[in-house]
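Number of protein chains: 2
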Amino acid sequence: MKADDDDVFRALADPSRRRLLDRLHAADGQSLGDLCAGLDMTRQAVAKHLAILEGANLVVSMRRGREKLHYINPVPINGIAERWIGKFEQPRLAALSSLKKSLEGEKP
Amino acid sequence: MKADDDDVFRALADPSRRRLLDRLHAADGQSLGDLCAGLDMTRQAVAKHLAILEGANLVVSMRRGREKLHYINPVPINGIAERWIGKFEQPRLAALSSLKKSLEGEKP
DNA sequence: TTGACATGCAACTATATGGTTGCCTATATG
DNA sequence: CATATAGGCAACCATATAGTTGCATGTCAA
Numbered sequence: 866m867k868a869d870d871d872d873v874f875r876a877l878a879d880p881s882r883r884r885l886l887d888r889l890h891a892a893d894g895q896s897l898g899d900l901c902a903g904l905d906m907t908r909q910a911v912a913k914h915l916a917i918l919e920g921a922n923l924v925v926s927m928r929r930g931r932e933k934l935h936y937i938n939p940v941p942i943n944g945i946a947e948r949w950i951g952k953f954e955q956p957r958l959a960a961l962s963s964l965k966k967s968l969e970g971e972k973p
Numbered sequence: 866m867k868a869d870d871d872d873v874f875r876a877l878a879d880p881s882r883r884r885l886l887d888r889l890h891a892a893d894g895q896s897l898g899d900l901c902a903g904l905d906m907t908r909q910a911v912a913k914h915l916a917i918l919e920g921a922n923l924v925v926s927m928r929r930g931r932e933k934l935h936y937i938n939p940v941p942i943n944g945i946a947e948r949w950i951g952k953f954e955q956p957r958l959a960a961l962s963s964l965k966k967s968l969e970g971e972k973p
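Sequence lines, in order, name chains V and R. FYI, in my numbering the residues of the first sequence are 866 to 973. FYI, in my numbering the residues of the second sequence are 866 to 973.
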């Protein structure tokens, strides 16, 4: 519920950014140019997405010469998975059964 | 990576909607009026958020008389946690160490 | 039936967002 | 040095989104 989480959720909301994360997951440490290849977006658009991902701390970058290499940072994702999503996993079956019960039992 | 996931991620992107899910998590089966209490939003705004959550299948609703009761549906959240977030949990430490290695070893 | 209560629907506004184009800066390399 | 390459910056545009107000519909209870 921290404010940080908001950046992470918003960063994850865009399909293009999720694809970028997928690409980095497949091959970590790619440059901006590498990440642009095959996407029908301008380089600048990709750069903006990467900036947002960096802002959410989902990606860290370092410059090597004139290149900027990008690395995935799994910590925030792990964070929301643990602190926010985790609480829905445990009561999953309970909620389903209580829902079913409600749907069946409340009408009469 | 299904198209459904997009709805879920987008639904989760908004803090107000996450708060609504939190409220439903705290007390399942609330009506629209119940969910409005204490929020500085109009009822209509809340209704829209709930519609989006329903569209993403994160919430299901049923009418009882003139009330509409809302229930959380943990399945989609569980889905993205398993299928999308899970793949980042496992390589977490590996990625961190490779990042550290890169940050230290590439400069000279 | 009549009025109060819970929700639905529609139009409208303002801002956020994703994307573009154009130009500038910095690092290699001939 | 000159030129290509990789990326950064800023203005701009179109649409999506969150929120509002106003009114309509449906349901309960006296």
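Note that beta-carbon positions come from the ideal geometry of N, C-alpha and C, so glycine has one too. The structure displayed is predicted, hence computed values, not measured ones.
Residue i vs residue j beta-carbon contact at 9 angstroms
{"i": "Ile-937/V", "j": "Ala-946/R", "result": "no"}
{"i": "Ala-921/R", "j": "Ala-876/R", "result": "yes"}
{"i": "Leu-897/V", "j": "Leu-915/V", "result": "yes"}
{"i": "Phe-874/R", "j": "Phe-874/V", "result": "yes"}
{"i": "Leu-904/V", "j": "Arg-928/V", "result": "no"}
{"i": "Asp-869/R", "j": "Pro-880/V", "result": "no"}
{"i": "Arg-882/R", "j": "Leu-918/R", "result": "yes"}
{"i": "Ala-878/R", "j": "Ala-902/V", "result": "no"}
Residue i classed as buried or exposed, judged by whether at least 16 other C-beta atoms fall within 10 angstroms
{"i": "Gln-895/R", "result": "buried"}
{"i": "Glu-969/V", "result": "Caution applies to Glu-969/V, whose pLDDT of 47 falls short of 50 and renders its modelled position unreliable; the value that the coordinates give is listed next. Exposed, because fewer than 16 other Cβ atoms sit within 10 Å of the Cβ of Glu-969/V."}
{"i": "Leu-958/R", "result": "Its pLDDT being 49, under 50, Leu-958/R is placed unreliably by the model, and nothing is read from it."}
First and last residue of the uninterrupted alpha helix (DSSP H) at residue i
{"i": "Ile-942/R", "result": "940-945"}
Spatial neighbours of residue i in its chain, beta-carbon cut-off 8 angstroms, leaving aside the 5 residues before and after
{"i": "Glu-971/R", "result": "Because Glu-971/R sits at a pLDDT of 43, beneath the cut-off of 50, its placement in the model cannot be relied upon, and the following sentence gives the value as read from the coordinates. Here the set comprises nothing."}
{"i": "Ala-912/V", "result": "Leu-897"}
{"i": "Leu-889/R", "result": "Gln-895, Leu-900, Val-924, His-935, Tyr-936, Ile-937"}
{"i": "Pro-973/R", "result": "With a pLDDT of only 34 at Pro-973/R, under 50, the local geometry of the prediction cannot be trusted, and the value read off the model is given with reservation. Correct list: empty, nothing qualifies."}
{"i": "Asn-943/V", "result": "none"}
{"i": "Val-807/R", "result": "Lying outside 866 to 973, the shown extent of chain R, residue 807/R is not represented and no answer is given."}
{"i": "Lys-966/V", "result": "Caution applies to Lys-966/V, whose pLDDT of 47 falls short of 50 and renders its modelled position unreliable; the value that the coordinates give is listed next. Hits under 8 angstroms: none found."}
{"i": "Ser-926/V", "result": "Leu-915, Glu-919, Lys-933, Leu-934, His-935, Tyr-936"}
Residue range of the unbroken beta strand (DSSP E) whose run includes residue i
{"i": "Leu-934/R", "result": "932-937"}
7 angstroms CB neighbourhood of residue i in its chain, flanking five on each side removed
{"i": "Asp-887/V", "result": "none"}
{"i": "Asp-893/R", "result": "Tyr-936, Ile-937"}
Cβ-based neighbour list, residue i, same chain, cut-off 6 angstroms, excluding 5 preceding and 5 following
{"i": "Glu-932/R", "result": "Ser-896"}
Those runs of the beta strand (DSSP E) which lie wholly inside the region 887-911 of chain R and span at least 3 residues: Counting whole runs of 3 or more residues, the region 887-911 of chain R contains no beta strand (DSSP E) stretch at all.
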